[in-house]
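*Asks:*
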Amino acid sequence: MNIMPLMDQFELVSNFAGELYHVEITALPTPDHIREFCVRHTFQPSQDKSAAARMARMISSVSHETILHMIDSFRLHKILFFLGGIPVVLGPFCPLLFSQREAEIILTENGMEGVPAMEYLSYIASYPPLPEKSAVSIVRAILHSLYPNEDDRPVENIAAKTIEAEKDDRERRDNYVLRLE
66 MNIMPLMDQF
76 ELVSNFAGEL
86 YHVEITALPT
96 PDHIREFCVR
106 HTFQPSQDKS
116 AAARMARMIS
126 SVSHETILHM
136 IDSFRLHKIL
146 FFLGGIPVVL
156 GPFCPLLFSQ
166 REAEIILTEN
176 GMEGVPAMEY
186 LSYIASYPPL
196 PEKSAVSIVR
206 AILHSLYPNE
216 DDRPVENIAA
226 KTIEAEKDDR
236 ERRDNYVLRL
246 E
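In my numbering, the protein residues as written are 66 to 246.
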């Protein structure tokens, strides 16, 4: 019998996984936590102010039995899952490396033509270069340690519309991070 409450166990397991993989794992139990998370991971003050509202809508619309892999328009990845009804996010992380030209394209797609590409590249480099499969494996390990009798939850992928153009180029770049390591 496990006498430790679920969120205490989560804290212990997520701290271990976070330290091991240098990735942030954050519980978002209230709208204030969601807003704080979104503000902390904003690229520019001029960036879309509705990120917290979109995140809250996403949280309320997804099944608690699903793992949601989200990719935003700046190519940052987040994994959303639930523990006892509380939404938890692993990330942001960035499994790909970008050239200066790709950074300029991403900034243009986001209406930020005047922002230097190096500023965006520095921002994206501040997040761990974690492969998507590793991120999902971390979430599955957390879930299996807290819910040992539960079957694997399905993973649903949600990407910003601008990601579609990147798919053709994806195979070539997927292993950059692995090569660097």
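In this text, a Cβ means the ideal position worked out from N, Cα and C, and glycines have one as well. The model shown is predicted, which means the values in this text are computed figures rather than measured ones.
Measure the CB-CB distance between I132 and V201 and report whether it falls below 9 Å.
*Replies:* Yes.
*Asks:* I need the DSSP call for G156, collapsed to helix, strand or coil.
*Replies:* G156 falls in the strand class under three-state DSSP.
*Asks:* Report, in whole angstroms, the separation of the C-beta atoms of I207 and S79, which I expect to be a contact under 8 Å.
*Replies:* I207 to S79, Cβ: 6 Å. Contact.
*Asks:* By the DSSP assignment, the alpha helix (DSSP H) with V201 in it spans what residues?
*Replies:* Element bounds for V201: 197 to 211.
*Asks:* Which class does L145 belong to by DSSP, given the choice of helix, strand or coil?
*Replies:* In this structure, L145 counts as strand in the three-state DSSP scheme.
*Asks:* Please look up how many angstroms separate the CB atoms of R145 and P152, rounded, as I've assumed it's under 8 Å.
*Replies:* First, the residue type needs correcting, since residue 145 is Leu and not Arg in the sequence shown. Confirmed, about 6 Å.
*Asks:* Identify the residues that DSSP records as bridge partners of V220: which are they?
*Replies:* I132.
*Asks:* Counting beta carbon pairs with one atom in the region 174 to 191 and one in the region 90 to 104, are three or more of them shorter than 8 Å?
*Replies:* Judged by Cβ distances under 8 Å, the region 90 to 104 makes no contact with the region 174 to 191, as fewer than three pairs qualify.
*Asks:* If I follow the unbroken alpha helix (DSSP H) through M225, where does it start and stop?
*Replies:* Rather than Met, the amino acid found at residue 225 in this sequence is Ala. First-last for A225: undefined, no H or E at that position.
*Asks:* Taking the CB atoms as reference points, tell me whether A224 and L148 lie closer together than 9 Å.
*Replies:* Taking 9 Å as the Cβ cut-off, A224 and L148 do not qualify as a contacting pair.
*Asks:* Quick one: is G179 buried, meaning 16 or more other Cβ sit within 10 Å of its Cβ, or exposed?
*Replies:* Label assigned to G179: exposed.
*Asks:* Looking at P160 and E197, is the spacing between their C-beta atoms short of 9 Å?
*Replies:* For E197 and P160, yes; Cβs fall inside 9 Å.
*Asks:* In three-state DSSP terms, what is T95?
*Replies:* Three-state result, T95: coil.
*Asks:* Find out if the Cβ-Cβ distance for the pair V88, L162 is shorter than 9 Å.
*Replies:* No, these two residues do not count as a Cβ contact at 9 Å.
*Asks:* Measuring only the C-alpha atoms, how far is D216 from Y188?
*Replies:* Those two C-alpha atoms are separated by around 37 Å.
*Asks:* Residue range of the alpha helix (DSSP H) that Y185 falls in?
*Replies:* Run containing Y185: 182 to 190, per the alpha helix (DSSP H) assignment.
*Asks:* Ignore the nearest five residues each way along the sequence and tell me which others in N175's own chain have a CB closer than 6 Å to its CB.
*Replies:* So the qualifying residues of the chain are S138.
*Asks:* So what does I26 bridge to, in DSSP terms?
*Replies:* Here the chain comprises residues numbered 66 to 246, so residue 26 is not present and cannot be evaluated.
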